[in-house]
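Read left to right, the sequence shown gives residues 929 to 1314 (our numbering). We put the beta carbon where it would ideally sit given N, CA and C, even for glycine. Since we're looking at a predicted model, the values are computed, not measured. Only one structure is covered here, and it is reproduced in the block below.
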Amino acid sequence: MPRRGENIYKRKDGRWEGRQQKATGKYQYFYGKSYREVKEKMRLFIENNKLSDNATGSSIPDAVELLKNWLECEAVNRVKPSTYESYYNCLNKYIIPFYLENDCEEITEESVTLFVKEMKEEASISDAYKKKILAVFKTALKEILTNHKDSSSILQAVKLPKTEQKEVEIFTMKEQRSIEWAAINFEDKRALGIILCIYTGIRLGELCALKWSDFDLEAATMSIKRTVTRTKNFKKQENKTLLNVGTPKSRTSIRKIPLPAFLVTIAKDFILAGDKEDYYILSGSNLPIDPRAYQKLYKRVLKKAGVKDRKFHSTRHTFATRALELHVDIKTVSEILGHSNVAITMNVYAHSLMEQKKIAIDKFNDMHLTSMKQHSFAVETSVITA
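As structure tokens, this is what we get:
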């Protein structure tokens, strides 16, 4: 029961939850380990709203507190564990330390601009990770600055750097054959999962989350419904990391993929029957295999195949590249991969698409040569006739 006159109550998980109506009519939720903690957060929220309504400046006080509150009370309740871990690392390693070290007590356009400038000049961080940090910063600011008069100008200060799309690593056809042969003849039959990835483009986490019930061997299809990830455990009294089984990367990642006939034959040789159909295919139990453990197996297979070590994700890139080489249309490739739109597929596999464009232009070249030969033959014939 909430305390009289207040929207604060104790949850079943032991935490306290409070809610405060915003100017938009929607509710802002607050969480804490005690009633007093939630009460204080609600007080700060009300004061900040009053400041945003009355102040002529463009600052938001208590920057560090607001960032921590967003991370602990907002993000943790609505994103996947792997995404939350990414938010946690970006805020606690880079964003919050910046505000503490520079004595920036307020979120202002100036402080945001300075952070973006320092981040872009930081040589020890890759461009891709800089972009990720700034994207997380902008996500947090969007929610923290809700209803603030100058939110637009502050958010515009967070300009994401443009990163060049690196050409993805794939296995050559010769390397692919070597890997398939090594996997088929490997002492650990779980290695066959590598072949499944090469011919369907599924991610490592999706492979580890596959159950026998996800296969329809009569229809020759496989359903991707979940993924396995290992993430940081934020409950200090327990293990440092946790194995999570959740939904795939995005809504479009939940998909059904047709299987090549040879994979259906292999699956029939290993499928578990009866009450075992809900078991994970790689572990043979009701608990999934750790993706990190399967990566070690994958490296052993590459070593046996005599192939240079590459990231497991190269199997996915190899599938997409082979599909384009076989003239599979880009829309179909995108849907099999589970991309949210075709543009992502085109951007990632631009090198493969360029090869297909060259093949297409070569056909125009062949058409030209054939046409000119025919034209030449017709002229010569007419001359002879004359």
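Please classify T984 as buried or exposed, where buried requires at least 16 neighbouring CB atoms within 10 angstroms.
Unreliable positioning characterises T984 in this predicted model, as indicated by a pLDDT of 41, which lies under 50. The coordinate reading is nonetheless provided below. So T984 counts as exposed.
Determine the burial state of P1176: buried for a count of at least 16 other Cβ atoms within 10 Å of its Cβ, exposed for fewer.
buried
Note down, one range per segment and in chain order, each alpha helix (DSSP H) of at least 4 residues found wholly within the segment 1146-1209.
1189-1198
Along the chain, which unbroken stretches of the alpha helix (DSSP H) at least 4 residues long are found entirely within the segment 1061-1088?
1079-1084
CA-to-CA distance, I1289 to Y1207, given in whole angstroms
50 Å
Output the boundary residues of the alpha helix (DSSP H) element that contains Y1027.
I1024 to E1029
Over the uninterrupted alpha helix (DSSP H) stretch that includes I1122, give me the two end residues.
L1120 to T1128
How is R932 classed by DSSP in three states: helix, strand or coil?
Only weak support exists for where R932 lies, its pLDDT of 48 falling under 50; the coordinates are left without a value.
For S1141 versus G1266, is the C-beta distance shorter than 8 Å?
no
Helix or strand or just coil, what does DSSP make of A983?
Low confidence applies to A983: its pLDDT is 45, below 50, so where it sits in the model is not reliable enough to give any reading.
With a cut-off of 8 Å on the beta carbons, I'd call Y1015 and L1028 a contact; round off their distance for me.
The pair is not a contact, with the Cβ atoms about 18 Å apart (cut-off 8 Å).
Go ahead and pull the three-state DSSP assignment for R939.
coil
Is F1240 helix, strand or coil by DSSP?
coil
Of the listed residues N1020, A1110, Q956 and F1065, nearest to L1088 (C-alpha basis)
F1065
Residues near Q1302 by beta carbon distance below 6 Å, same chain, minus five either side:
none
Nearest residue (CA-CA) to S1151, options R1006, R1250, I1264 and A1189
I1264
Y1025: which of R1244, M1047 and Y1222 sits nearest, CA to CA?
Per the sequence shown, residue 1025 should be read as Pro rather than Tyr. Residue M1047 is the option with its Cα nearest to P1025.
Give a yes or no on whether the C-beta atoms belonging to I1072 and I1035 are separated by under 8 Å.
yes
Can you name the start and end residues of the alpha helix (DSSP H) that K1048 belongs to?
E1037 to E1049
Would you identify the three-state DSSP class for R1131, choosing helix, strand or coil?
coil
Buried or exposed, going by whether 16 or more other CB atoms sit within 10 Å of the CB of Q956?
buried
Under the three-state reduction of DSSP, which class applies to A1278: helix, strand or coil?
helix
Taking T1128 as the reference, give the member of K1259, F1247 and R947 with the closest Cα.
F1247
Residues bridged to E945 [DSSP beta-bridge criterion]
Y937 and Y959
For N1020, the first and last residue of its enclosing alpha helix (DSSP H):
Per DSSP, N1020 belongs to no alpha helix (DSSP H) and is neither H nor E.
Simplified DSSP state of F1143, which is helix, strand or coil
strand
State buried or exposed for K1058, treating a residue as buried only when at least 16 other CB atoms are found within 10 Å of its CB.
buried
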